[in-house]
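Chemist: Okay, here's the structure, questions in a sec.
Number of protein chains: 2
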Amino acid sequence: MTPQRAAVLEALSTCKHHPTAEDIYELVVRKVPRISLGTVYRNLQVLVDEGYATRLPAMEGSHRYDRVVAAHHHIVCSGCSRIVDIHLEDDDSLRETVEAQCGFVVNSHRTEFEGTCGECAAK
Amino acid sequence: MTPQRAAVLEALSTCKHHPTAEDIYELVVRKVPRISLGTVYRNLQVLVDEGYATRLPAMEGSHRYDRVVAAHHHIVCSGCSRIVDIHLEDDDSLRETVEAQCGFVVNSHRTEFEGTCGECAAK
DNA sequence: TTACATGCAAAACTTTTGCAACTTA
DNA sequence: TAAGTTGCAAAAGTTTTGCATGTAA
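Protein sequences, first through last, are from chains C and P.
Those letters in the first sequence? Residues 9 to 131, by this note's numbering.
Those letters in the second sequence? Residues 9 to 131, by this note's numbering.
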């Protein structure tokens, strides 16, 4: 656990807005001025592999990262691109439905909602 | 509607495996030999904007495209990366739960399942 | 004819990697 | 010390774009 890795993990824990690697670099470089973007990418990879972080699928541009706390879902605002966490209870009947339909064993799922946030709706 | 655009749309309709832009290029270039990859990208963008196609979020590598037929979900095999469509009925109570939790107006959602397909499970 | 589409090549962006030097445990 | 990590810069991969030419309506 190098200072660089600790700083990446701390930035990820602090920043609730699902930062990109570049966002994290900009946070971390204040505390570890000589860190490189490559090191941020390498540490994010390690943290994902070890289960401390998740890489979210990217619709466009860069991937976003998320400190793993518990299984959760996301909603993206189509107005301002803000991403907010959604917590839902697991639903075994959903899993059974899907397994019956496709013959896979289902390990996990994530739902991405899309909508309009309160602020954007007000405009 | 140019021959190039028609060929891209046809390739997308034919190919059920959620092709990448590169995959589509390789299908289309057989029929329109001088087409360029840039043109494939431009036409995919137009088709997405006009609602004939969807760009799927990418976990790694290239984006994948999908001919729009009806709202549906996906399951990805963690063994072989195969993607299979899943059809589920819409669930209004889910929408209401999410709207109450985050204050957004929900327009749509897509669930990405992850699991192991029959073939990979057999190994 | 006029607006739009194309091929090509270069550029823009994101992410990964080789390497020599340096740290961590 | 041995294994792993860093900074840097270059490379790899995907997607977009400028431009002159060509095509559709």
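C-beta atoms are modelled at their ideal positions from N, C-alpha and C, and glycine is treated no differently.
#1: So residue 47/P is in the alpha helix (DSSP H); what residue range does that whole segment cover?
#2: State the Cα-Cα distance for the pair residue 15/C and residue 76/C, rounded to the nearest angstrom.
#3: I believe residue 51/P touches residue 90/P by the beta-carbon criterion, under 8 Å. Please report the beta-carbon distance rounded to the nearest angstrom.
#4: Could you tell me whether the Cβ of residue 67/P comes closer than 7 Å to any Cβ of chain C?
#5: Could you check whether the Cβ of residue 118/C sits closer than 7 Å to any Cβ belonging to chain P?
#6: If contact means a Cβ-Cβ distance below 9 Å, which residues of the stretch 42 to 56 of chain C contact chain P?
#7: Within 7 Å (strictly less), CB to CB, does residue 76/P reach chain C?
#8: Please tell me whether residue 32/P has its Cβ less than 7 Å away from any Cβ of chain C.
#9: Between the C-alpha atoms of residue 20/P and residue 11/C, what's the straight-line distance to the nearest angstrom?
#10: Residues in its own chain within less than 8 Å of residue 27/C by CB, not counting five upstream and five downstream?
#11: DSSP on residue 28/C, reduced to helix/strand/coil?
#12: Any Cβ of chain P within less than 7 Å of the Cβ of residue 106/C?
#13: What are the residues that DSSP puts in a beta bridge with residue 120/C?
#14: Tell me, please, whether the stretch 100 to 120 of chain P touches the stretch 79 to 87 of chain P by the rule of three or more beta-carbon pairs shorter than 8 Å.
#15: Considering only heavy atoms of the ligand FMN, does any lie closer than 6 Å to the CB of residue 13/P?
Modeler: The structure says:
#1: In the second sequence, the residue the question calls residue 47/P occupies position 39. From DSSP, the alpha helix (DSSP H) with residue 47/P extends over 45 to 57.
#2: By one-based count along the first sequence, residue 15/C stands at place 7. By one-based count along the first sequence, residue 76/C stands at place 68. Approximately 16 Å between the Cα atoms of the pair.
#3: Translated into positions along the second sequence, residue 51/P becomes position 43. Translated into positions along the second sequence, residue 90/P becomes position 82. Their Cβ separation, rounded to whole angstroms, is 26 Å, which puts residue 51/P and residue 90/P out of contact at 8 Å.
#4: One-based indexing of the second sequence puts residue 67/P at position 59. Chain C contact via Cβ: present.
#5: Along the first sequence, one-based indexing puts residue 118/C at 110. Yes, its Cβ sits closer than 7 Å to a Cβ of chain P.
#6: none
#7: The count along the second sequence starts at 1 and reaches residue 76/P at position 68. With 7 Å as the cut-off, residue 76/P does not count as an interface residue toward chain C.
#8: Taking the first residue of the second sequence as position 1, residue 32/P is located at position 24. Not closer than 7 Å to any Cβ of chain C, the Cβ of residue 32/P fails to qualify, so no.
#9: Reading the second sequence from its first residue, position 12 is the one you call residue 20/P. Reading the first sequence from its first residue, position 3 is the one you call residue 11/C. Whole-angstrom Cα-Cα distance: 48 Å.
#10: For the purposes of this step, residue 27/C is identified with residue 19 of the first sequence, where counting begins at 1. Once the five neighbours on either side are set aside, the close Cβ partners of residue 27/C are 19, 20, 35, 72, 73.
#11: The residue given as residue 28/C occupies position 20 in the first sequence. Residue 28/C: strand per DSSP, three-state reduction.
#12: In the first sequence, counting from the first residue as 1, residue 106/C sits at position 98. Yes, its Cβ sits closer than 7 Å to a Cβ of chain P.
#13: Taking the first sequence and counting its residues from 1, the one referred to as residue 120/C is at position 112. For residue 120/C, which the question treats as bridged, DSSP gives the partners 82/C, 118/P.
#14: yes
#15: Inclusion of the ligand FMN in the displayed structure is not the case, the ligand content being empty and no account of it being possible.
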